[in-house]
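I have placed the structure first, in the form of structure tokens, so that the comments after it can refer back to it.
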Amino acid sequence: MNNCIFCKIANHEIPGKIIYEDDLCLAFLDLSQATDGHTLIIPKEHYDHFLDVDQDVLAHLIQVTQTVAKKLETKLNAQGFNIITNMNEVAGQTVKHFHIHIIPRYQSHEGFNPEFTDRSKDIDLDKIYNRIMN
Ligand code: 5GP
Ligand code: ZN
69 MNNCIFCKIA NHEIPGKIIY EDDLCLAFLD LSQATDGHTL IIPKEHYDHF LDVDQDVLAH
129 LIQVTQTVAK KLETKLNAQG FNIITNMNEV AGQTVKHFHI HIIPRYQSHE GFNPEFTDRS
189 KDIDLDKIYN RIMN
């Protein structure tokens with residue numbers, strides 16, 4: 069994908085604050101820095117989103133995600149992490165090159181607040197389960 073910003077970072081055509089790199093992937097600081105150390109893990113090969121990624125590449129990426137998170141835990145004293153990937157616009161994906169967000173969490177500095185709404189009183193869990201299983 070010649071116009072893809074993350075392909076350009078992967079090919080070192082435009083600069084990025086790269087904190088890890090190997091043959092298959094790299095990790096670099098997200099410009100937005102939702103929290104200190106907010107990092108993106110990307111495959112060097114272009115895949116649009118999560119469901120497209122080769123499974124061996126994906127397995128490698130999640131291992132690298134753990135390695136990088138351990139580094140952020142040590143170096144930035146992160147107290148926890150949110151590890152997420154957004155797939156398609158409906159889920160908030162803005163860059164169409166697969167990436168995993170590592171969002172370090174701290175007691176004192178919060179720029180990211182995921183909240184899961186509890187809909188258990190309003191929904192039919194059996195109905196949803198049956199739709200998936202049948
Ligand atoms: P998405 O919304 O697709 O899940 O996440 C895309 C992320 O890429 C955003 O958090 C945005 O800040 C980041 N981003 C977009 N363009 C660039 C860029 O050129 N360099 C870096 N380092 N991050 C970028
Ligand atoms: Zn790309």
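Heads up: the sequence shown begins at 69 in our numbering, then just goes up one per residue. Using N, Cα and C, we set each Cβ at its ideal position, and we do this for glycine too.
>> Using the three-state DSSP reduction, which class does Glu178 fall into: helix, strand or coil?
In response: coil
>> Are there any heavy atoms of the ligand 5GP lying less than 8 Å away from the beta-carbon of Thr133, as far as the coordinates show?
In response: no
> What residue range is occupied by the uninterrupted beta strand (DSSP E) comprising Asn150?
Replying inline: 148-152
>> Less than 9 Å between the beta carbons of Ile152 and Ala137, yes or no?
In response: no
> Smallest Cα separation from Leu92: which of Gln101, Met201, Val132?
Replying inline: Val132
> Nearest CA to the CA of Pro111: which residue from Leu140, Ile77, Lys139?
Replying inline: Ile77
> Per DSSP, what kind of secondary structure is Leu99 in: helix, strand or coil?
Replying inline: coil
> Is the closest heavy atom of the ligand 5GP to the C-beta of Phe96 under 8 Å?
Replying inline: yes
> Who are the near neighbours of Gly179 in its chain, counting only those whose CB is closer than 7 Å to its CB and skipping five residues on each side?
Replying inline: Ala102, Thr103
> Which whole-angstrom value describes the C-beta separation of His114 and His165, a residue pair presumed to lie in contact below a C-beta threshold of 8 Å?
Replying inline: 6 Å
> Tell me, which residues are paired with Ile168 by DSSP?
Replying inline: Ile109
> Should Pro182 be labelled buried (16 or more other beta-carbon atoms within 10 Å of its own) or exposed?
Replying inline: exposed
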